[in-house]
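So this note's numbering is basically just the index in the sequence shown, starting at one, shifted up by 2. A short write-up of the structure that comes next.
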Amino acid sequence: VFEARQYFLLNQRPDGSGRHVLSLGTILGFSGPDTPAYDNFYAGGYNTMRGFVFRGASPRQTNASGQEAIVGGPFEWLNTVEYMFPITADDSLRGVVFTDFGTVESNVTIEDFRVAPGFGLRITMPALGPAPIALDFAVPVSYADFDSQQLFSFFVGFAR
Numbered sequence: 003v004f005e006a007r008q009y010f011l012l013n014q015r016p017d018g019s020g021r022h023v024l025s026l027g028t029i030l031g032f033s034g035p036d037t038p039a040y041d042n043f044y045a046g047g048y049n050t051m052r053g054f055v056f057r058g059a060s061p062r063q064t065n066a067s068g069q070e071a072i073v074g075g076p077f078e079w080l081n082t083v084e085y086m087f088p089i090t091a092d093d094s095l096r097g098v099v100f101t102d103f104g105t106v107e108s109n110v111t112i113e114d115f116r117v118a119p120g121f122g123l124r125i126t127m128p129a130l131g132p133a134p135i136a137l138d139f140a141v142p143v144s145y146a147d148f149d150s151q152q153l154f155s156f157f158v159g160f161a162r
């Protein structure tokens with residue numbers, strides 16, 4: 003798995019607060035065709051692709067009884083572009099505009115490419131420490147017919 007993230011400081015106040023930050027991130031992974039389902043890659047949810055339920059943008063397989071199961075895939079390419087800006091002077095409320103895009107596939111192809119632009123808020127409350135509360139709204143504009151969408155996501159913490 004290759005993972006890269008780059009941050010660009012576009013603007014800030016003289017005291018270092020009020021930062022406008024553009025971040026770019028990518029994850030590229032390949033595990034091989036004989037990988038068991040529990041070691042496959044999955045997409046969907048706050049940490050991978052907003053606008054989809056947890057693992058909801060992942061390959062599926064129909065079992066003998068006709069039920070679909072999320073099995074993931076041995077190939078992933080997930081990306082995000084995010085612009086964060088201050089809303090309040092004390093930086094306790096920040097806004098974000100983002101686009102998450104990429105795919106998880108059963109083989110090394112890009113058949114079901116997904117794109118989910120959105121916007122959100124980051125709320126920092128002194129009583130909770132420095133960890134922000136993330137409220138995001140994303141609308142998938144490119145998705146597979148079998149994907150499970152979730153327009154709103156909520157997260158507490160720094161991971162992303």
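Glycine included, C-beta positions come from ideal geometry on N, C-alpha and C.
Endpoints, the beta strand (DSSP E) within which Leu12 is located: In the sequence shown, counting from the first residue as 1, residue 12 sits at position 10. It spans Phe4 to Asn13 - the beta strand (DSSP E) in which Leu12 sits, taken as one unbroken run.
Hey, how far is the Cα of Ser25 from the Cα of Ala118? In the sequence shown, residue 25 corresponds to position 23, counting from 1. In the sequence shown, residue 118 corresponds to position 116, counting from 1. Near 16 Å, if we compare the C-alpha coordinates of Ala118 and Ser25.
Nearest CA to the CA of Gly122: which residue from Phe154, Gln69 and Pro76? One-based indexing of the sequence shown puts residue 122 at position 120. Considering only alpha carbons, the answer is Phe154.
Does DSSP put Tyr85 in a helix, a strand or coil? Taking the first residue of the sequence shown as position 1, residue 85 is located at position 83. If DSSP states are grouped into helix, strand and coil, Tyr85 belongs with the strands.
Just how far apart, CA to CA, sit Val141 and Arg7? Along the sequence shown, one-based indexing puts residue 141 at 139. Along the sequence shown, one-based indexing puts residue 7 at 5. Distance between the alpha carbons of Val141 and Arg7 is about 23 Å.
If you measure between the beta carbons of Asn109 and Gly75, is that distance less than 9 Å? Along the sequence shown, one-based indexing puts residue 109 at 107. Along the sequence shown, one-based indexing puts residue 75 at 73. Yes; because the gap between Cβ atoms is below 9 Å, this pair is in contact.
Cβ-based burial, Arg116 [other Cβ within 10 Å; buried from 16]: Residue 116 sits at position 114 when you count from the first residue of the sequence shown. Looking at its Cβ environment, which holds 16 or more other Cβ atoms inside 10 Å, Arg116 is buried.
In chain order, what residues of the same chain have a beta carbon less than 6 Å from the beta carbon of Leu94, not counting five sequence neighbours either side? Residue mapping note: residue 94 aligns to position 92 of the sequence shown, counting from 1. The sequence shown places Ser at residue 94, rather than the Leu named in the question. These residues qualify, in order along the chain: Thr126.
For Gly120 versus Val106, is the C-beta distance shorter than 9 Å? Reading the sequence shown from its first residue, position 118 is the one you call residue 120. Reading the sequence shown from its first residue, position 104 is the one you call residue 106. Not closer than 9 Å, so no.
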